[in-house]
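For the sequence shown, full-length UniProt numbering puts the final residue at 117, and the numbers step up evenly by one. Note that beta-carbon positions come from the ideal geometry of N, C-alpha and C, so glycine has one too. The structure presented is a predicted model; accordingly, all values stated were derived computationally and were not measured.
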Amino acid sequence: MHPMEILIASDRTQLSAKLADNEAARALAAMLPLKIQMRDHLRQEKTGVLPSALPGGGRQTEFSVGTLGLWGDRDFVIYYRAGHVPAPGIVVLGHVRGDLSLFDNSDGVSISLRQAD
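In structure tokens, the structure reads:
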């Protein structure tokens, strides 16, 4: 299976992302399309709750700008700054391409996720 391309849209932008080739990312893809209300967390990420849990997998504590991650089993995260999280870390779900500066604020945002055409 080739990694799936998805679109992440808000009322102000649309970005594309490539999902990782892992069980959690495939489970996320099976949920699409989705709408998620995101809130800012620690001025490094937007996070929102998925409608159901995703399977776990290998976790890491480092992330880069644009990393899509899974914290716990239901918290979907978009990182707009690079950094690290405490153990046990995140499951990487994919990576966003494009300018994430719109997310770099303390405001919440509603996003939609769908498979790219």
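Whole angstroms is fine: what's the gap from residue i's alpha carbon to residue j's?
| i | j | result |
| --- | --- | --- |
| S101 | D117 | 25 Å |
| V86 | Q37 | Here residue 86 turns out to be Pro, not Val, going by the sequence shown. Rounded to the nearest angstrom, the two C-alpha atoms are 24 Å apart. |
| Y79 | R39 | 12 Å |
| Q14 | I6 | 10 Å |
| I8 | D107 | 17 Å |
| S52 | W71 | 13 Å |
| D99 | K18 | 15 Å |
| M31 | V77 | 16 Å |
| P3 | T61 | 22 Å |
In chain order, what residues of the same chain have a beta carbon less than 6 Å from the beta carbon of residue i, not counting five sequence neighbours either side?
| i | result |
| --- | --- |
| P33 | R114 |
| S112 | A9 and K35 |
| N22 | G57 |
Whose C-beta lies closer than 8 Å to the C-beta of residue i among residues of the same chain, with five residues either side of it excluded?
| i | result |
| --- | --- |
| residue 121 | Only positions 1 to 117 of the chain appear in the structure, and residue 121 is not among them; the question remains open. |
| F63 | G69, Y79, A82, G83, H84, V85, I90 and V92 |
| S110 | S10, D11, K35, I36, Q37 and M38 |
| S16 | E5, I6, L7, I8, V96, R97, G98 and A116 |
Identify, in the order they occur along the chain, each residue of the same chain with its Cβ nearer than 7 Å to the Cβ of residue i, setting aside the five sequence neighbours on each side.
| i | result |
| --- | --- |
| H41 | T47 |
| R59 | P88, G89, I90 and V91 |
| T67 | Y79, V92 and H95 |
| R12 | L102 |
Assuming residue i is part of the alpha helix (DSSP H), what are its boundary residues?
| i | result |
| --- | --- |
| A29 | E23 to M31 |
Between which two residues does the beta strand (DSSP E) carrying residue i extend?
| i | result |
| --- | --- |
| Y79 | D75 to Y79 |
| Q37 | L34 to H41 |
| G69 | T67 to W71 |
Identify the residues that DSSP records as bridge partners of residue i: which are they?
| i | result |
| --- | --- |
| Q14 | A9 |
| G48 | F76 |
| S112 | A9 and K35 |
| R97 | S16 |
| G57 | Answer is none; G57 lacks a bridge partner. |
Short check: CB of residue i to CB of residue j, under 8 Å?
| i | j | result |
| --- | --- | --- |
| P55 | A29 | no |
| R26 | V49 | no |
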